[in-house]
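Following: one structure in structure tokens, then a few remarks.
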Amino acid sequence: MLFNTFNFFVFFLVFFICWLLFPAKFKWVSLLIGSVYFYCVASSILILVPIIICLITYICSLQINRLKANDIIFGSIIFIIVSFLLYYKYLNSFIDFAGLSALSQFSVVAIPIGISYFTFQAIGYLIDVKNNHIALERNIFKLFLYLIFFTKIIAGPVERADNFLSQINQPAKFLYSNFSIGIKLILVGLFKKVVLGDRLNLLISPAFNDLASNEGMPIILASFIFPLQLYMDFSGYTDMARGFSKILAINLTENFNSPFSSTTLTEFWRRWHISLSSWFNEYVFKSLTISTRNWNQFGLFISLVITFTIIGVWHGPTMGYLVYGVLIGLIVFLETFSKKSRKKIAKKMNEKAIEMIGHAYFCLIIVFLFLFIKTETLPRYANVVKSMGKIELVKDTKDTFNHFVHGHPFSTDKLNTYTYVGNLLDNYNTRVILIAFLFLLLLNNSKSDKFNLLNRLKNNTLVRHSGYIVLLLLIMQFGLFHNTNEFLYFRF
Amino acid sequence: MIKIKGVLISILISCLLFYCLDCYWSNWLEKQDSEKQIWIMDKKKQHYNIAFLGASRVFTCIDVSLVEKILKEKAINLGCDGASVMENYVVLSQFLKHENKIDKLYLQLDNTALSDMKKALSYPFHDYLFLNKLKEDEVKEAFIEDKGYLKYYFWRYIPLSKYAEFNHFYTLNFIKQKSQSNDSGFDKNSGSKLIAMDMPDSLITKIKSGTFHNDSFTCDEKSKYYIDKIIELCKSNNIECNFFKMPIYNDSYIQFRSNNEMTSFLSKYAEKNSCRFIDFQSLALASNKNYFKDYSHLNAGGVKLFTPILSDSIGKISRHRE
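Chains as they are written, first to last, in my numbering: chain A, 575 to 1066; chain B, 11 to 332.
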């Protein structure tokens, strides 16, 4: 039951009516029932995994005063919780990697949905309770709801316990303002996913699916488009998750803050998948920097590389993701290390030029880093990069000039390149995407003075509602519904 | 109160707008006669002596204009690509509702038609071509069978929702790709589409290295239900109904051990319903790869050879009936 399916909308509609019928003080009970139902539909018996993790977390949190004194026991408990994640997510790859065919009987057949998310949340909760950052939750059912709340179980956000539990501990009621914001978020999210994300996927898939025929320009173009597709897909999902929660009077954390406006990778990680990066910052990076504080710059280097390597491997058990994480750690370290010298140079240069260089640098870095997510494995990554390198810029430009000016036919060996690039420029999907981007730009809440008129107009109820109607119309006309695509981050 | 009023007005405007667009697409759909199903349902007050009903083995493997020439009777090809017997029934019922008349109907049946349609065909019911006919009983039944009650009522009562789901088909022309063509290339007089293509060598190798299918034959209950409905429809419209089986490339055909069971089932079934069953599998052309475009479809050359044989058989049945 993904957010962009008919079944989910029916489920949510029925659930919302039930939620309205519950008294304010017990609305959380309806959320729990709905979440358990949602989880059982998606993973059936595997609901036992979050139940066991919840039990461990609950019992340990009750015994937290005793555990505070003994770091080894506390660490062991954290390890037990993490071992569920390791077992379900990495065991099969480990068996394959180590050639332990004798252990294949233990291989994992199905993974409980959202295992990383509820594991991270359980760990975060325990550490926060241990450090007295939050009050102990004595109601195990509320704790369970925190772990498996259905709008965030598929792909986050990784919610902090204090934010979520404080909300469900308050009586909830239906508010028009919540409903209105929720609907807007759902529409924008759906628009991003089914109109932009899925259509961008249609543009890039032919190139990635047939590398041999799409060497050079096609694969370069597809690689540059992929980060945009990933963003539309993931931020669309998050917007929808936040929208559905908002209607149910739950505020989920924002996961994105214009990530592609960054000029450095360090800045990007403050804007991209915020809930995950801040979780790692809080519970992994900070602990590591404290442990390595005496090692100066090397300590920072180690902490960054370890943190980002874990983030990389969290995506999947492949060497590709490992290298992805290590590279991010290395680049972020280099950026931090060179911050002062960069500032000195920047002072001597034009501000706009600096910004442009920053954007260009970031753009290149992110394209090559996100290729790891697209390709998943190192050999495939190498193949894609090799294919990108086969561009013949001078010959291609000359051929194109001769074709359009002198009417010479394209050479047959390059036909695929021109067909792909030509299709990309003159394509129904491209036109839809351009219209959709324009509309999203108009709709996006901009605080900039440049859009003052638009902001004023948006305060007008009639204009706002008309905007929603047009948005819905665009979704219905241009969204891809026939073959529902999974959310890209669902697999993580 | 003002907010509620605003929301209500917005909902009202949305409904009105969606309803108008829904009407626009319904109207547009009726004009898409380049789609075979629409072309059939667009026919009104016509009289045909012979009609052929079935899937692509009727659509692309029978030259109806040649049948007309040989038998000197008016005929129509009602076959549609990838259609299940359920879709055949829906198309036929809509065709007859428009006061069209048929004297003799030849229904093509084989293993695919008698199997579970959802397993045998990739898209057994081309629902997106019937969206403007949701109120029709036969269409309603097929939709509920294919998509379930919830989706049927959602599509029927929420304006535009049905067209939204198939917006890859219902695309706005002004942003459509110039090279994109809607022409499915069939003869608009007879409804046949002949394909001049040879069977690729790779396919022949694949067929020859194929494994034998030992599955015993069972007729799917749902498919049988729709064949019964077609027979019933023929009876109520005074149409003589006969079954026939198109030739399939022999090297591939013999791989299915259940063929004999299937043909004997069809013979008995035809007899029970006072129909004739003609099996064209034993024709010599079924052993010649040059007459096929793939293992189950004749190419244009094969059709030219097969159609006179088919016409001859139809003529014999007619003479026998007289």
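Cβ atoms here follow ideal geometry from the backbone N, Cα and C, with glycine treated the same way.
Check whether Thr837/A and Gly932/A have beta carbons under 9 Å apart = The residue given as residue 837/A occupies position 263 in the first sequence. The residue given as residue 932/A occupies position 358 in the first sequence. Yes, Cβ-Cβ distance for Thr837/A and Gly932/A is below 9 Å.
Rounded straight-line distance, which links the Cα of Ala781/A to that of Leu945/A = Numbered from 1 along the first sequence, position 371 holds the residue referred to as residue 945/A. Numbered from 1 along the first sequence, position 207 holds the residue referred to as residue 781/A. Each residue's Cα considered, the two are about 13 Å apart.
Would you mind telling me which residues of chain A sit closer than 8 Å to Lys161/B, beta carbon to beta carbon, in chain order?
-> The residue you call residue 161/B lines up with position 151 of the second sequence. What Lys161/B touches in chain A: Phe580.
Cβ-based neighbour list, Tyr180/B, same chain, cut-off 6 Å, excluding 5 preceding and 5 following = Looking up residue 180/B in the second sequence gives position 170. Only Trp35 and Tyr173 meet the Cβ criterion.
Is Ile258/B near Tyr305/B, with beta carbons less than 9 Å apart?
-> Your numbering for residue 258/B matches position 248 in the second sequence. Your numbering for residue 305/B matches position 295 in the second sequence. A contact, by the Cβ cut-off of 9 Å.
Using DSSP with H/G/I as helix, E/B as strand and the rest coil, what is Ile60/B?
-> Against the second sequence, residue 60/B aligns to sequence position 50. Strand at Ile60/B.
So with Cβ pairs under 9 Å, would you call Val968/A a contact of chain B?
-> Translated into the one-based positions of the first sequence, residue 968/A becomes position 394. No, because no Cβ of chain B sits closer than 9 Å to the Cβ of Val968/A.
What does a CB cutoff of less than 6 Å around Gly1053/A pick up in its chain, not counting 5 residues either side in sequence?
-> Taking the first sequence and counting its residues from 1, one reaches residue 1053/A at position 479. Cβ neighbours of Gly1053/A beyond the five flanking positions: Val768 and Val769.
Spatial neighbours of Arg845/A in its chain, beta-carbon cut-off 8 Å, leaving aside the 5 residues before and after = Here residue 845/A is taken as the residue at index 271 of the first sequence, counted from 1. So the qualifying residues of the chain are Phe830, Asn831, Ser832, Pro833, Ser835 and Ser836.
Are Asp156/B and Met96/B touching if we call contact CB-CB under 9 Å?
-> Start at 1 with the first residue of the second sequence, and residue 156/B comes out as number 146. Start at 1 with the first residue of the second sequence, and residue 96/B comes out as number 86. Contact: yes.
Under a Cβ-count criterion, where at least 16 other Cβ atoms within 10 Å of its own Cβ denotes burial, should Pro210/B be classed as buried or exposed?
-> Residue numbering aside, residue 210/B sits at position 200 when the second sequence is read from its first letter. The residue is exposed, with fewer than 16 neighbouring Cβ atoms inside 10 Å.
Taking one C-beta from the segment 855-862 of chain A and one from the segment 946-964 of chain A each time, how about it: are there three or more such pairs within less than 8 Å?
-> no
Hey, would you say Ser681/A sits closer than 9 Å to Asn666/A, going by beta carbons?
-> Residue mapping note: residue 681/A aligns to position 107 of the first sequence, counting from 1. Residue mapping note: residue 666/A aligns to position 92 of the first sequence, counting from 1. A contact, by the Cβ cut-off of 9 Å.
Could you tell me which chain A residues have their CB closer than 9 Å to the CB of Asn177/B, listed as they occur along the chain?
-> Walking along the second sequence from the start, residue 177/B turns up at place 167. Within chain A, the residues near Asn177/B are Met1050, Gln1051, Phe1052, Gly1053, Leu1054, Phe1055 and His1056.
Length of the line joining the Cα atoms of Gly963/A and Glu175/B = Position 389 of the first sequence, counted from the first residue, corresponds to residue 963/A. Position 165 of the second sequence, counted from the first residue, corresponds to residue 175/B. If you take the alpha carbons of Gly963/A and Glu175/B, they lie about 40 Å apart.
Are the C-beta of Ser171/B and some C-beta of chain A separated by less than 9 Å?
-> Here the question's residue 171/B lines up with position 161 in the second sequence. Answer yes: the Cβ-Cβ gap between Ser171/B and chain A drops below 9 Å somewhere.
Could you tell me which of Asp772/A, Gly817/A, Leu904/A and Gly886/A sits nearest to Val1006/A, measuring between CA atoms?
-> Here residue 1006/A is taken as the residue at index 432 of the first sequence, counted from 1. Nearest C-alpha to Val1006/A: Asp772/A.
Taking only beta-carbon positions, decide if Tyr1002/A is within less than 9 Å of chain B.
-> Taking the first sequence and counting its residues from 1, the one referred to as residue 1002/A is at position 428. Closer than 9 Å: yes.
In chain order, what residues of the same chain have a beta carbon less than 6 Å from the beta carbon of Asp813/A, not counting five sequence neighbours either side?
-> Here residue 813/A refers to the residue found at position 239 when the first sequence is read from its first residue. These residues qualify, in order along the chain: Leu759, Val762 and Gly763.
Per-residue contacts from Ile1043/A into chain B (C-beta, under 8 Å) | Counting from one through the first sequence, the residue named residue 1043/A turns up at place 469. Per Cβ cutoff of 8 Å: Ser20, Ile23, Ser24 and Leu27.
Taking Cβ-Cβ distances below 7 Å as the criterion, which residues of the segment 577-607 of chain A are in contact with chain B?
-> Phe580 and Val584
Under 7 Å between beta-carbons, which chain A residues line up against Thr181/B? List them in chain order, please.
-> For this step, residue 181/B is matched to residue 171 along the second sequence. What Thr181/B touches in chain A: Tyr1002.
Per DSSP, what kind of secondary structure is Cys255/B in: helix, strand or coil?
-> Position 245 of the second sequence, counted from the start, is the residue given in the question as residue 255/B. For the sequence presented, residue 255/B should be read as Lys rather than Cys. Here Lys255/B sits in strand by DSSP.
Leaving out the 5 sequence neighbours to the left and right, which residues in its chain are closer than 8 Å to Thr790/A when beta-carbon positions are compared?
-> Locating residue 790/A in the first sequence gives position 216, where the first residue counts as 1. A small correction: the amino acid at residue 790/A is Gly; Thr does not occupy that position in the sequence shown. Closer than 8 Å at the Cβ level, and outside the excluded window around Gly790/A, lie Ser961, Met962, Lys964, Ile965, Glu966, Asp970 and Thr991.
Residue burial classification, Ile168/B (beta-carbon count within 10 angstroms, cutoff 16) = Residue mapping note: residue 168/B aligns to position 158 of the second sequence, counting from 1. So Ile168/B ends up on the exposed side.
Cutoff 9 Å: Gly16/B Cβ touching any chain A Cβ = Position 6 of the second sequence, counted from the first residue, corresponds to residue 16/B. Yes, Gly16/B lies at the interface with chain A (some Cβ there is under 9 Å from its Cβ).
Are Ile214/B and Asn309/B close, meaning C-beta to C-beta below 9 Å?
-> Translated into the one-based positions of the second sequence, residue 214/B becomes position 204. Translated into the one-based positions of the second sequence, residue 309/B becomes position 299. The answer is no: Cβ separation not under 9 Å.
Which of helix, strand or coil DSSP assigns to Asn87/B | Taking the second sequence and counting its residues from 1, one reaches residue 87/B at position 77. Reduced to three states, the DSSP call for Asn87/B is strand.
Are there 16 or more other CB atoms within 10 angstroms of the CB of Gln871/A, so buried, or fewer, so exposed?
-> As a working note, residue 871/A is residue 297 in the first sequence. Result: exposed.
Residue range of the unbroken beta strand (DSSP E) whose run includes Tyr133/B = Indexing the second sequence from 1 puts residue 133/B at position 123. Looking at the DSSP string, Tyr133/B is not in any beta strand (DSSP E), and its letter there is neither H nor E.
For Ala296/B, count neighbouring Cβ atoms within 10 angstroms of its own Cβ and tell me buried if that reaches 16, exposed if not.
-> Taking the first residue of the second sequence as position 1, residue 296/B is located at position 286. Answer is buried; the Cβ neighbour count reaches 16.
Measure the C-alpha to C-alpha separation of Phe153/B and Phe694/A and round it to an integer number of angstroms.
-> Counted from its first residue, the second sequence places residue 153/B at position 143. Counted from its first residue, the first sequence places residue 694/A at position 120. Between Phe153/B and Phe694/A, the C-alpha separation is close to 44 Å.
Cβ-based burial, His734/A [other Cβ within 10 Å; buried from 16] | In the first sequence, counting from the first residue as 1, residue 734/A sits at position 160. The amino acid occupying residue 734/A in the given sequence is Arg; His does not appear at that position. Flag for Arg734/A reads buried.
Roughly how many angstroms separate the alpha carbons of Ala696/A and Gly688/A, rounded to a whole number?
-> In the first sequence, counting from the first residue as 1, residue 696/A sits at position 122. In the first sequence, counting from the first residue as 1, residue 688/A sits at position 114. If I take the Cα positions, the gap works out to 12 Å.
Have a look at Lys917/A, Tyr720/A and Phe600/A and flag the residue whose alpha-carbon is nearest the alpha-carbon of Phe738/A.
-> Counting from 1 along the first sequence, the entry for residue 738/A is found at position 164. With distances taken between Cα atoms, Phe738/A lies closest to Tyr720/A.
Under the three-state reduction of DSSP, which class applies to Lys188/B: helix, strand or coil?
-> As a position in the second sequence, residue 188/B is number 178, starting the count at 1. Caution is warranted here: a pLDDT of 46 is assigned to Lys188/B, below 50, making its placement in the model unreliable, and no coordinate value can be reported.
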